[in-house]
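Chains as they are written, first to last, in the numbering used here: chain A, 1168 to 1694; chain B, 1168 to 1694. For each residue, glycine too, the CB sits at the ideal point set by N, CA and C.
Structural data, given as structure tokens:
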């Protein structure tokens, strides 16, 4: 039984609002459950509860916060097949993918639990006093990160578990000490309801203040807008489209107070194929990229939507192998009818544009299912590409555009014409790399992550990950939304000057009771 | 001889534009020099040069960047008295203060040189590969901070050296690897011209790309607006008033691309006087605060503009001692006629407001000098204060409002009614502190720095400093504009995945050639 009530402060908010239903995108059929559209009162209640909870939650001991995060992971894991099956039904994504995503989601929660428990993430910096200094004595100053307050998280359509209700945004915000209010993505409300219940149960089991978590449903834009504009909201995290992200940023600009709004707005993730590897391995590179372009029906922020290469017989072989692989790629169910329509329309439109030449289109379309993706690739000359800004706009789905350059200098010009990206990739023979450092630097200049000889799809969840990039890939290239670094979006440093030792946070006390790494008078130490 | 030409790419841009003059605020007289108002062509030239220089400057070796920063410090130190005297003439601040500020300015440059040379600030994080992992092999990912691009710095009126042309914003941006374009504060153009020349000389001496530094004059708002809106600008740093900072933020919102804009907009820096210390030390606390309120004619972002206490005979003694000290405080020259007019008008206006009671006003006014500050203090009841939002607005100058509370609970309510602050302070006897943890937590909740038994004026430049705070103290509480942490406003992480070791930045190479601290597979090490 899916409970379609909004969750406010870890409890169901019973109401008789209008409701909406979930769909199976592969059939168009309604799924079980009716989801109550939240209203202004609920927004206020959720934020009042979060603001009150923040005063308590920010002081919860690291070990207890870790227990809470692990309890969420356990509750989600306990849902197991029920959750996976519901996510499959709502997203059209395969069971294996969602089973993996469930593991990733619980894994992220454990990762943040470990981070919080180890404790050094607070970046404690201590400069001790020198009362003898002239002309002025030097004070004792101790600084560490503290949470900023209630965070509004928007669920993403394309990761119903790992970037949704208990995804990386929620996990990092809760780990930092911030309460979370989730605006559910209407494409997977049932999945969201199940996970929301799991978080609420975990909060109660581990004695967290109720206001630490709320979850609101809406199939329109009203509730999201109210949440972003609410003065008690202290940060916003969003993963989705450029248009969605920009709309949120504009709303945030109407606020009286300025708050951090982190929007991850996708990108086209350019891939450079260098000449020698095209010569030696055109076919295997094509096979790798055919899989990457069509993985999850191309519905990844890191989908390789742009491939750059210099014309050569190697490139011809690559195009022919890639074209064949795309042609026989079976169609897949896209996440929503809206996404499917958008993909179909944008890919049809660009193919009709001057200079764009269709190379291949999947012919293996399942006509018995709805919202089926049709993978396609095309080529364009470098000067046409540079002249038409719209050719570098993201087409969300199994699509990639191959830019054919006359020479390496032109290829570099193409890179330099591009906006910010989440990732860039170079495919190369090892000994040709050092001849192309200009290209390598240009790739790093525009992206958050640069990859050698692999595909951009697949984002490792780890401390070194940077999932972010210069605008318009994100609204703030200084942060990541994947990996432990994601926590720093929701914290601010506080410095204590000449404070009484016993009243300092444990992390800053002289005896270092938590045994964390600290920088004391410019030396890193665990003393 | 003061050269009043704009500096573009470390060279004078000769032109025959309109010019403006500098004033001595203590006399109203013109000072030597005519400063060319910059124009749109100059803005474009400066940003084109900065963008081109960035490609080179970002790859300059840490040791060479450190040499550049130290050369700036040497060139500024070499100006010595000439610079101090000009700053005195333009600001009305005393020689001793500006001599100290010169030391602070060169000190900051050396601090960033040391930071860059030591190298660990890039926060290198390495997660090594595990090719055996199933179902997917684990890639090798290495991440570090890299500079974001040309930074526009606005000189602040109240620190003609330490927060101006070669102040903390410029020093941290240059240390990060970002070129800098300074929009000069029109109150001290001659000081700015001298420092701009020093930076240009240092850049040439140490072989930096010319576009690494430009300096533009304007006595209006046009050039600042063009700089903020320019698409090649990648970040903005500003210290000044709430209205000035908000105007810049609004301009930035008109940009096509979203960039970080860090504005430090001052605050009223609430000070809580707890009962026992008022009982035991009312007079000495009053003496300390009379100095802090009037230091530099009260023209500090951290000036204590609000004092909170519970009514008692101790408070009466404090007010009487503070009142006497304020009465005999000699007037001082304010930075500009505009600042003086604003102070005079706002302090007069608030004194006439309901519930506000003037306690003392300086009677020691120098009538032979212009723009003289008149220190003043007043009291207000807590409920009047809470009911009138405008009573908590900053009055830039030697002014402080004492809020008289009925009891500690009401005092806490007053704190909770306040907006974000750069600092908060508590004056207390050691053994009364633990009885008031609610107050202490409330102070930390609203501020970037909390101080015990001292004054907020005086901002130590060190690694642990947090000079920033929740909105409206700054536009982004997650960053500081003083101390080594200031560098993180201008950098973004880049992750390299499965990259060739010899092509990685030195900071990430396997052998750790720079011998910096790195986090490798979750362990901090210098290996």
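Provide the residue span of the beta strand (DSSP E) that contains residue i, from first to last.
i, result
"residue 1199(A)", "1197-1203"
"residue 1293(B)", "1291-1294"
Suppose you measure from the CA of residue i to the CA of residue j; what does that come to, to the nearest Å?
i, j, result
"residue 1639(B)", "residue 1182(A)", "37 Å"
"residue 1461(B)", "residue 1331(B)", "22 Å"
"residue 1496(B)", "residue 1541(B)", "8 Å"
"residue 1357(B)", "residue 1643(A)", "36 Å"
"residue 1194(A)", "residue 1379(A)", "37 Å"
"residue 1456(A)", "residue 1288(A)", "37 Å"
"residue 1238(B)", "residue 1372(B)", "8 Å"
"residue 1609(B)", "residue 1583(B)", "7 Å"
"residue 1486(A)", "residue 1335(A)", "37 Å"
"residue 1307(B)", "residue 1428(A)", "30 Å"
"residue 1529(B)", "residue 1322(B)", "30 Å"
Could you give the DSSP three-state label for residue i: helix, strand or coil?
i, result
"residue 1191(A)", "coil"
"residue 1645(A)", "coil"
"residue 1209(A)", "helix"
"residue 1632(B)", "coil"
"residue 1121(A)", "No statement about residue 1121(A) is possible, as the shown extent of chain A runs from 1168 to 1694 and does not include it."
"residue 1400(B)", "coil"
"residue 1170(B)", "coil"
"residue 1538(A)", "coil"
"residue 1498(B)", "coil"
"residue 1356(B)", "helix"
"residue 1388(A)", "coil"
"residue 1650(B)", "coil"
"residue 1552(B)", "helix"
"residue 1624(A)", "coil"
Between residue i and chain A, is any beta-carbon pair separated by less than 9 Å?
i, result
"residue 1260(B)", "no"
"residue 1473(B)", "no"
"residue 1608(B)", "yes"
"residue 1298(B)", "no"
"residue 1437(B)", "no"
"residue 1277(B)", "no"
"residue 1632(B)", "yes"
"residue 1604(B)", "yes"
"residue 1309(B)", "yes"
"residue 1647(B)", "yes"
"residue 1676(B)", "no"
"residue 1635(B)", "yes"
Is residue i buried or exposed, if buried means 16 or more other CB atoms sit within 10 Å of its CB?
i, result
"residue 1374(B)", "exposed"
"residue 1699(A)", "Chain A is shown from 1168 up to 1694; residue 1699(A) falls before or after that span and cannot be answered."
"residue 1224(B)", "buried"
"residue 1300(A)", "exposed"
"residue 1395(B)", "buried"
"residue 1388(A)", "exposed"
Cβ of residue i less than 9 Å from any chain B Cβ?
i, result
"residue 1267(A)", "yes"
"residue 1627(A)", "yes"
"residue 1306(A)", "yes"
"residue 1616(A)", "yes"
"residue 1638(A)", "yes"
"residue 1397(A)", "no"
"residue 1551(A)", "no"
"residue 1302(A)", "yes"
"residue 1652(A)", "yes"
Which first and last residues belong to the alpha helix (DSSP H) in which residue i is found?
i, result
"residue 1442(A)", "1442-1461"
"residue 1413(A)", "1409-1420"
"residue 1281(A)", "1262-1285"
"residue 1253(A)", "1229-1258"
"residue 1615(A)", "Element bounds for residue 1615(A): not the alpha helix (DSSP H) but the beta strand (DSSP E), 1614-1619."
"residue 1683(B)", "Element bounds for residue 1683(B): n/a, residue is neither H nor E."
I'd like to confirm something about residue i: is its beta-carbon nearer than 8 Å to some heavy atom of the ligand NAD, or not?
i, result
"residue 1299(B)", "What this structure holds is no ligand at all, so the ligand NAD is not there to describe."
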